[in-house]
Amino acid sequence: MTTYDVLFTIAGVISAGSGILAVGTKHLVHAALWLVVSLTALCGCYLVLGAELVALVQLLVYVGAVVVLVLFALMLTRAPIGRSHDHDTSLLQRAAALVVGAATAALLAAVLVAAFGTQTVAIHGGTSQQLATQLFGTWVWPFELLSALLLVALVAALALSRLRIRTRADVEAGQS
Amino acid sequence: MIHPLLPFTLVGLLFGIGLYGVLARRNAVLLLIGVELMLAASGLLFVTVGSLTTDAMRSGQVLTIFVITIAAAEIAVALAVVLAVFRARGTIDLAQAGEDD
């Protein structure tokens with residue numbers, strides 16, 4: 002066990018544990034808050050792997066923006082505060098989902114471990130300067146394309162929220 | 024020096040947890056939380072492989088930043104769709120049959 006192993010195990014256990022709570026909790030709002038814990042712990046994993054910039058982007062974009070959006074959506078859809086069983090599927094479907102999830106996790110981990118072996122390897126995190134040189138050199142056109150994608154997503158979200166929507170009650174009132 | 028076993032196990036665990044969340048939840052917003060966990064697993068896989076191999080283009084970290092950006096765009100549009108469905112049907116229960124069923 003090296004220092005990296007210990008630090009990664011701590012962050013990874015927090016991340017996986019709070020991820021399980023995020024998909025398993027009965028409180029709707031707590032699910033979003035456990036997602037914050039899980040993704041923040043994942044930032045710690047990124048730091049151990051030597052990817053400082055990715056960790057900071059993850060913290061800013063996910064924890065700062067995405068989870069706030071999820072919380073807003075939960076409030077706007079009148080999510081119940083406190084324990085609620087309305088969002089649970091039947092016990093049979095949950096058991097099947099557990100089997101599928103566990104099987105996928107085992108398969109993915111087994112294939113990846115078999116591909117890379119179990120010997121300890123050195124971490125080549127690289128410096129942020131190298132990353133910036135590559136990001137604005139080799140990867141500059143995909144980067145620009147992504148800024149266009151973000152603009153399209155912004156316009157699409159705005160257009161969807163301004164859409165005139167006829168509810169079922171409106172349709173029935175119009176027909177009668 | 025790090026055992027590659029640890030990050031790859033975490034990748035598998037996070038993806039499995041996200042898949043369970045997608046399959047076992049009936050609320051559309053909670054389904055999106057599962058999708059976010061699966062995307063986080065993919066990002067961790069990119070960073071891990073990028074850090075364990077020598078790569079002059081740093082593609083592991085760059086692609087993770089791209090995945091995070093695409094996930095942000097995806098969740099903005101997905102939540103707008105969820106809100107539109109809520110306004111039209113009054114509920115975002117995925118198990119409830121629609122008008123055509």
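Quick mapping for you: the protein sequence lines, in order, are chains A and B.
Under this note's numbering, the first residue of the first sequence carries the number 2, and numbering increases by one thereafter.
Under this note's numbering, the first residue of the second sequence carries the number 24, and numbering increases by one thereafter.
The beta-carbon is built from N, C-alpha and C at its ideal position, and this holds for glycine as well.
Helix, strand or coil at residue i [DSSP, three-state]
| i | result |
| --- | --- |
| A/His-31 | helix |
| B/Ile-98 | helix |
| B/Ile-25 | strand |
| A/Arg-95 | helix |
| A/Arg-163 | coil |
| B/Arg-49 | coil |
| A/Asp-89 | strand |
| B/Asp-116 | strand |
| B/Arg-81 | coil |
| A/Arg-84 | strand |
Contacts of residue i in chain B (Cβ-Cβ under 8 angstroms)
| i | result |
| --- | --- |
| A/Gln-94 | Leu-46 and Ala-47 |
| A/Ile-21 | Ile-40 |
| A/Ile-166 | Ala-107, Arg-110 and Ala-111 |
Nearest candidate by alpha-carbon position, reference residue i, set the options
| i | options | result |
| --- | --- | --- |
| B/Val-104 | A/Ile-166, A/Gly-118 and A/Gln-59 | A/Ile-166 |
| B/Thr-76 | A/Gly-138, A/Pro-143, A/Val-122 and A/Thr-134 | A/Val-122 |
| A/Leu-29 | A/Ala-96, A/Phe-144 and A/Leu-72 | A/Leu-72 |
| A/Gly-102 | B/Phe-89, B/Phe-38, B/Leu-106 and B/Val-85 | B/Phe-38 |
| A/Glu-145 | B/Ala-107, B/Leu-55, B/Val-70 and B/Ile-88 | B/Ile-88 |
| B/Ile-56 | A/Ala-174, A/Ala-111, A/Gly-20 and A/Ile-11 | A/Gly-20 |
| A/Ala-160 | B/Val-100, B/Leu-29, B/Arg-110 and B/Asp-116 | B/Val-100 |
Interface residues of chain A facing residue i [CB-CB closer than 8 angstroms]
| i | result |
| --- | --- |
| B/Gln-84 | Ala-52, Leu-54, Val-55, Gly-127 and Leu-132 |
| B/Val-58 | What B/Val-58 touches in chain A: nothing, since even the nearest Cβ is about 11 angstroms away. |
Partner residues on chain A for residue i, Cβ-Cβ distance less than 7 angstroms
| i | result |
| --- | --- |
| B/Leu-74 | Before going on, a small fix: residue 74 of chain B reads as Ser here, not Leu. Near B/Ser-74 (Cβ distances below 7 angstroms), the residues of chain A are Leu-50, Gly-51, Ala-52, Ile-124, His-125 and Gly-126. |
Beta-bridge partners of residue i, as assigned by DSSP
| i | result |
| --- | --- |
| A/Asp-6 | A/Asp-6 is not bridged to any residue. |
| B/Val-70 | Paired residues: none, contrary to the question. |
| A/Val-24 | BP columns for A/Val-24 are empty, so no partner. |
| A/Val-122 | B/Ile-25 |
Neighbouring residues, chain B, relative to residue i (Cβ below 7 angstroms)
| i | result |
| --- | --- |
| A/His-31 | In chain order: nothing, as chain B lies at least about 11 angstroms away. |
| A/His-88 | Arg-48, Arg-49, Asn-50 and Leu-53 |
| A/Ala-98 | Tyr-43, Leu-46 and Ala-47 |
Contact belief for residue i with residue j at Cβ below 8 angstroms, rounded distance in angstroms
| i | j | result |
| --- | --- | --- |
| A/Val-38 | A/Ile-15 | 7 angstroms |
| A/Leu-136 | B/Val-85 | 6 angstroms |
| A/Val-114 | B/Phe-69 | Actually they are not in contact, since the Cβ atoms of A/Val-114 and B/Phe-69 sit about 17 angstroms apart, beyond 8 angstroms. |
| B/Ala-96 | A/Leu-150 | 6 angstroms |
| B/Ile-91 | A/Phe-9 | Contact flag wrong, Cβ pair sits at about 20 angstroms. |
| A/Cys-44 | B/Leu-33 | A/Cys-44 to B/Leu-33, Cβ: 13 angstroms. No contact. |
Amino acids of chain D, ordered along the chain, whose beta-carbon sits closer than 8 angstroms to that of residue i
| i | result |
| --- | --- |
| A/Leu-77 | This model lacks chain D altogether; the protein chains it does include are A and B. |
Residues that residue i contacts on chain B, provided the C-beta gap is smaller than 9 angstroms
| i | result |
| --- | --- |
| A/Thr-119 | His-26, Pro-27 and Leu-28 |
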